[in-house]
Amino acid sequence: MSTSPDVSATEIRRQDNEPHKELLKRREQIAGMLVEEHERQTTADSFIVRGEIDRHIRALEQQLASIDSELTESVQSDTPSRKTLRFSRVVPIALFGVVAFAILVLPFWIVAFPPLLDYPNHLARVFILAHLHDPAFHFSEYYASDWGPYPYLTMDVLMVLLQKFCNVFLAGKILLSLSVVGVPFASWFFVRQAHPKNVLLAGLSLITTWNLFFLWGFINMQLSMALVLLVVGLWLRYLRRPSWPQWIIFLLTVIALYFTHLLGFGIAGLAVAGYCLLTRKTFRQLVLGCVPFALGALTHVITRIAIAGATSRQPNDPWEVIWRPFSEKAEGLGSFMQGYSPRMDQITVIVLVVACLAAWWRNREFHWNRPWALFIAGLFVLYWIFPAGYGVGADADLRLLPFILLFVPVVASFGKRTRWLFVVLLLLFVARSAVITKTFLAKQPELAGMARSFPVTPANVRVLPIVEAKSQEDQEPPQLRPYAHFWAYGTIERGWFTPYLFAERGLQVLQIKAETTTPDGFWDLEYKEEPEWQDIAEEYDYVWSYNVAKYAPQLQKIGDVVFKDGDLTMYRIKKPKEADDDESP
């Protein structure tokens, strides 16, 4: 490799830019070391010594390639011809973006019921918030709203606003589309700020946007993934061109992230602070980066204190911290790339590992991006010591894994081999998208059958869902259980009151006023204790039972079957007069 600069030093010096001068100085030092090592290699009389010198030469050549890449990129970015993309490049890029985004959102728009685990529950919540005082429903008798500075407001606010212009089903599909498209767009923005030469590797987000927790219906978490990348990208842009308008935009985005998801907020704070420390930014820059996160943390602490002692409708103690054994954490690493098909997940992991190894093997352009490599390593260490749950929040440690993948595109540079990695990512994206679309379509017949249970009841009745899983999680993972919260569509279609809508104070705006019997087994989809059948008969009008044939005798005593489809059976509760008539000779 040549030891003379590949980039004109005169051009760099004209810019009078201190970072460029430091790079040139460093390059001259390495070039001098490289010359010395070559001279040593020719005079070395030991095979072992020559091997060590050869390894050192390769390391120095990689460092030179890295510096040359940074210098070239810097000069090209300031060249007028590079500041605006040619029309011939814009059209293919725009066309690719449209096609990729169409593939991402297609599954939502070709089915009636997106089979995401918690999605119906969230949809029913925001429907109630938008119709809380609608005289056509009796929601105000059972529910209330509590609008406070809670870290999960974004979905509720967006959905309530969208319902002013369209129905809740269309609003939901718009939000789902925004959720999956936002991550690749934000990834592209972040990579351009952090390591522009790796912008093609932002294609990894086309795969990770359909992550396990999105399949579970964690929409706020999905929205926060895009905002995390946006926040960190804005911070990097601010560091490059500091100004108060840039900082205010950064501040507002951090605030939006706080009101979207607490875990994403925390990870973005770690990324901003970690980058400042790892790149030795000034104390002032560190403070300016951390102030927005300190304000959010203070708000959360004050909110938690204010709601201390509030009654929880879920079985876990709101202040309980749950730890996962290391053996289970090791097994949990599989959720890095878990989707609908275990075989496709395995293929994806194997192909990615092989592709990365091939791109690294004897690649003199390869070099680590040290700050981000160390940051990801830190997040991975955090995974092993992070609690599995905090209060009603489950799988908190596993939720770290999709966020770790967000930063992978900037960990290292592969030079020209980046293009081949991009091709691999596209092929995997198309293959995994086909599996997702196929699964969405395959679930529709069963869901459509269950949907026929909604018109069976009068409007505004009280319905208790009793739902049990068909199999254990190792045989039927949660993402394959869209039936678990499907009853929530009855709230939208017929105004049902159901006691299992997400309504945790301090987390959700919706609150449940009515005190009714709620068997705890619902949250685990497994009933270990016998429900209080008499209380259920007194407090509800219908029971929506799924896969609980073991309770058929008890349910037939208190109700009559009014609908049956597959594993779903719906009972109309016998009221006192009807029960007396049944018992008369």
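With the first letter of the sequence shown counted as 1, position 319 gets the number 323 in this note's numbering; the numbers rise by one all the way through. Beta carbons are placed, not taken as given, at the ideal position from N, Cα and C, and that holds for glycine.
Put simply, of Phe117, Arg509, Phe330 the residue whose alpha carbon is nearest the alpha carbon of proline 449 is Phe117.
Assignment of histidine 265 by DSSP, reduced to helix, strand and coil, places it in the coil class. Assignment of glycine 499 by DSSP, reduced to helix, strand and coil, places it in the coil class. For phenylalanine 567, the enclosing beta strand (DSSP E) begins and ends at 563-569. Apart from the 5 residues on each side of it in sequence, isoleucine 107 sits with its Cβ closer than 6 Å to the Cβ of Ser437 in its chain, given in chain order. Counting every other CB atom within 10 Å of its CB across the protein chains shown gives asparagine 171 a total below 16, marking it as exposed. Less than 8 Å divides the Cβ of leucine 429 from the Cβ of leucine 210. Distance from the CA atom of lysine 517 to the CA atom of isoleucine 259, rounded to whole angstroms, is 30 Å. Below 8 Å, too few C-beta pairs join the stretch 407-422 and the stretch 449-459 to call them touching: fewer than three. Only residues of its own chain outside the window of five on either side were considered, and among them Pro124, Asn125, Ala128 have a CB closer than 6 Å to the CB of alanine 492, listed in chain order. When DSSP states are grouped into helix, strand and coil, arginine 288 belongs to the helix group. Histidine 135 sits in coil when the DSSP states are folded into three classes, being neither helix nor strand. Leucine 290 is positioned such that its CB atom lies no closer than 8 Å to that of alanine 275. When the five nearest sequence neighbours on each side are left out, the beta carbons in the same chain lying within less than 7 Å of the beta carbon of arginine 196 are those of Val203, in order along the chain.
In the structure shown, leucine 572 falls within a strand segment according to DSSP collapsed to helix, strand and coil.
Distance from the CA atom of glycine 273 to the CA atom of arginine 466, rounded to whole angstroms, is 44 Å.
For valine 164, the uninterrupted alpha helix (DSSP H) run begins and ends at 157-166, by DSSP. At least 8 Å separates the beta-carbon of valine 566 from that of leucine 468. Taking the Cα positions, leucine 162 is about 14 Å away from leucine 261. In the DSSP assignment, leucine 227 falls within the unbroken alpha helix (DSSP H) covering 223-244. Separation of isoleucine 132 and serine 183 (C-alpha to C-alpha, rounded to the nearest whole angstrom) is 22 Å. Listed in chain order, the non-local C-beta contacts of glycine 570 below 7 Å within the same chain comprise Glu450, Gly453, local neighbours out to five positions each way being set aside. A direct Cα-Cα distance of roughly 22 Å separates tryptophan 192 from phenylalanine 217.
Histidine 142 sits in coil when the DSSP states are folded into three classes, being neither helix nor strand. Counting only the Cα atoms, proline 391 lies some 7 Å from arginine 328.
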